[in-house]
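The structure appears right after this line, and notes come after that.
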Amino acid sequence: MSPRRILYLHSSAGRYGADRQLHLMATGLDPERYVALAVLPDEGPLADDLRAAGIEVLIRPLAVLRRALMRPAGLGQVALAFAADAGGLGRLARAREVALVHTNTSVTLGGAA
39 MSPRRILYLH SSAGRYGADR QLHLMATGLD PERYVALAVL PDEGPLADDL
89 RAAGIEVLIR PLAVLRRALM RPAGLGQVAL AFAADAGGLG RLARAREVAL
139 VHTNTSVTLG GAA
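Our numbering numbers the first residue of the sequence shown as 39 and each following residue consecutively.
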């Protein structure tokens with residue numbers, strides 16, 4: 039049986055707490071059973087670290103709930119971003135035969151796709 043793909047969605051590409059935990063999870067998988075695919079909103083140290091570990095990284099806009107968007111006008115932006123994000127991530131997951139989607143933080147909204 040071929041390895042099952044896990045899609046990791048994350049809201050940043052830094053090297054802080056949640057970023058480091060994502061790196062540990064993705065690199066700690068049994069490669070005979072699982073293969074990781076990470077989607078990040080931009081390039082950064084996390085993307086570099088994941089690629090150096092042999093993990094495929096895709097950079098694309100993600101619907102991320104930010105404090106600055108928690109106002110009436112911002113909520114509309116979040117809703118539009120979520121709609122676009124959910125469709126795109128759903129297509130990506132189907133095309134790449136993703137078995138599991140892991141959203142690494144609660145502010146990444148597209149995992150519901």
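Here a beta-carbon is modelled for each residue, glycine too, at the ideal position from N, C-alpha and C.
Quick check on this structure: which residue in the options has the alpha carbon closest to the alpha carbon of residue i?
{"i": "Ile-93", "options": "Arg-129, Met-63, Arg-132", "result": "Met-63"}
{"i": "Arg-98", "options": "Leu-47, His-61, Arg-42, Tyr-54", "result": "Leu-47"}
{"i": "Pro-79", "options": "Leu-100, Leu-67, Arg-71, Ala-91", "result": "Leu-100"}
{"i": "Leu-60", "options": "Arg-42, Met-39, Ala-91", "result": "Ala-91"}
{"i": "Ser-40", "options": "Ala-137, Asn-142, Thr-141", "result": "Ala-137"}
Can you confirm whether residue i, when its beta carbon is compared against all beta carbons of chain B, has any partner nearer than 7 Å?
{"i": "Met-63", "result": "Any reference to chain B falls outside this structure, which holds one protein chain only."}
Ordered along the chain, which non-local residues of its own chain (more than five positions away) have a Cβ less than 8 Å from that of residue i?
{"i": "Pro-83", "result": "Ala-51, Gly-52, Arg-53, Asp-57"}
{"i": "Ala-85", "result": "Ala-51, Ala-76, Leu-78, Val-95, Ile-97"}
{"i": "Leu-67", "result": "Ile-44, Val-73, Ala-74"}
For residue i, which residues in the same chain have their Cβ closer than 6 Å to its Cβ, ignoring the five residues on either side in sequence?
{"i": "Thr-65", "result": "Ala-91"}
Have a look at residue i and residue j and give me their C-alpha separation to the nearest angstrom.
{"i": "Thr-141", "j": "Ala-131", "result": "13 Å"}
Hey, residue i and residue j are a contact pair by Cβ (cut 8 Å); roughly how many whole angstroms apart?
{"i": "Arg-71", "j": "Arg-42", "result": "7 Å"}
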